[in-house]
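Remarks on the structure that follows.
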Amino acid sequence: MKYLLSSFVLLFLSLSASGQFAIDVQGKGLANSTWLLNKNISDKGDSQDYAPAWGSSYGVAGNIYFGMTGVGIEFLYTTHNAAYTGIYSLNDVPTGNYTSNIKLQTIQIPLLLKFQSDKGAYIEIGPQLTNISSAQFDRSGELVGIGFEESKDVSDEYASSYISGVLGFGSKIAFGDLPLGMLLGIRLQYSFEDLMGVDGEGLSLGSDENPGFWYPTHEPTQAISGGLVVGLTYTIK
37 MKYLLSSFVL LFLSLSASGQ FAIDVQGKGL ANSTWLLNKN ISDKGDSQDY APAWGSSYGV
97 AGNIYFGMTG VGIEFLYTTH NAAYTGIYSL NDVPTGNYTS NIKLQTIQIP LLLKFQSDKG
157 AYIEIGPQLT NISSAQFDRS GELVGIGFEE SKDVSDEYAS SYISGVLGFG SKIAFGDLPL
217 GMLLGIRLQY SFEDLMGVDG EGLSLGSDEN PGFWYPTHEP TQAISGGLVV GLTYTIK
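In this note's numbering, the protein residues as written are 37 to 273.
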């Protein structure tokens, strides 16, 4: 991450030599489809299936543009959820089912290279540091006709932070001649590092150095999300 930050500083200095610049100050929110994917879970079949989950982000951003090219940094409070469903069986006879959810509370700091058009359309790409502040596992279901619920803190099972790649595009829609405008866009994120964590039944997925008891062959966990960006932007020229 220090290397990436240094690269962005050098890029900023080179762009600043081009002269004319503008500053965007933004408040934004994101509504995302969120997933935690792991090959060991994918191989479980009906006993553990992925289900759609939704998360959100909100925070502030600052961008500096030199002509049509700029750099930006954001600070976002984010909820990243993952959902699962499963069927219990004995000798291929169903005995129950469950649904579960993993909720990650994180702080995300993307550093983005940005390109914009005269009419406000933009493309953004860059790395993102995510710090995981907490992880909560919840499960409910029934087994041989008896209902159950489970809830536990699984923060210790997850990496404290990870790096993702971010790709986004959208448009800044100006309110007439005012410096204020609306921000609308789409953003995709994919983690490049192993989050580790737990599966859909709350069992540890382990790590490369210490594989989980139920998963002696470790597979990395990737965080994936994609969704809508909405916000307000104020431009200073």
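No residue lacks a Cβ here, since even glycine has one placed at the ideal position from N, Cα and C.
Under the DSSP assignment, SER78 falls in the alpha helix (DSSP H) whose first and last residues are 75-78.
Per DSSP, reduced to three states, the secondary structure at SER153 is coil, with no helix or strand assignment.
Residue environment analysis places TYR101 among the buried positions, since at least 16 neighbouring C-beta atoms fall within 10 angstroms of its C-beta.
The beta carbons of SER196 and ASN167 sit about 7 Å from each other, so the pair counts as a contact at 8 Å.
Contact between the region 151-166 and the region 174-193 is absent: fewer than 3 CB-CB pairs across the two stretches fall below 8 Å. Look at the beta carbons and you see the region 229-243 not touching the region 207-219: under three pairs across the two are nearer than 8 Å.
Looking only at THR114, GLY262, THR269, PHE228, the smallest Cα-Cα distance to TRP71 is reached by GLY262.
Of the residues assessed, MET232 falls on the buried side of the cut-off, its CB having 16 or more other CB atoms within 10 angstroms. LEU147 is classed as buried because its beta carbon has at least 16 other beta carbons within 10 Å across all chains shown.
In this structure VAL265 is in contact with GLY206, their Cβ atoms being roughly 6 Å apart against a cut-off of 8 Å. Judged by beta-carbon spacing, GLY156 lies beyond the 7 Å limit of VAL202, meaning their Cβ atoms are not closer than that value.
Counting only residues of its own chain and dropping the five nearest sequence neighbours on each side, HIS254 has a CB closer than 7 Å to the CB of GLY242, SER243, ASP244, PRO247. Closest option to GLY108, judged by alpha-carbon separation, among VAL96, THR115, ASN127: VAL96.
Judged by DSSP secondary structure, TYR113 falls within the beta strand (DSSP E) whose first and last residues are 105-126.
DSSP places GLU193 within a helical segment (H, G or I) once states are collapsed to three.
Across the structure, VAL61 and ARG223 are spaced so that their CA atoms are roughly 18 Å apart. Listed as beta-bridge partners of PRO130 by DSSP are SER125.
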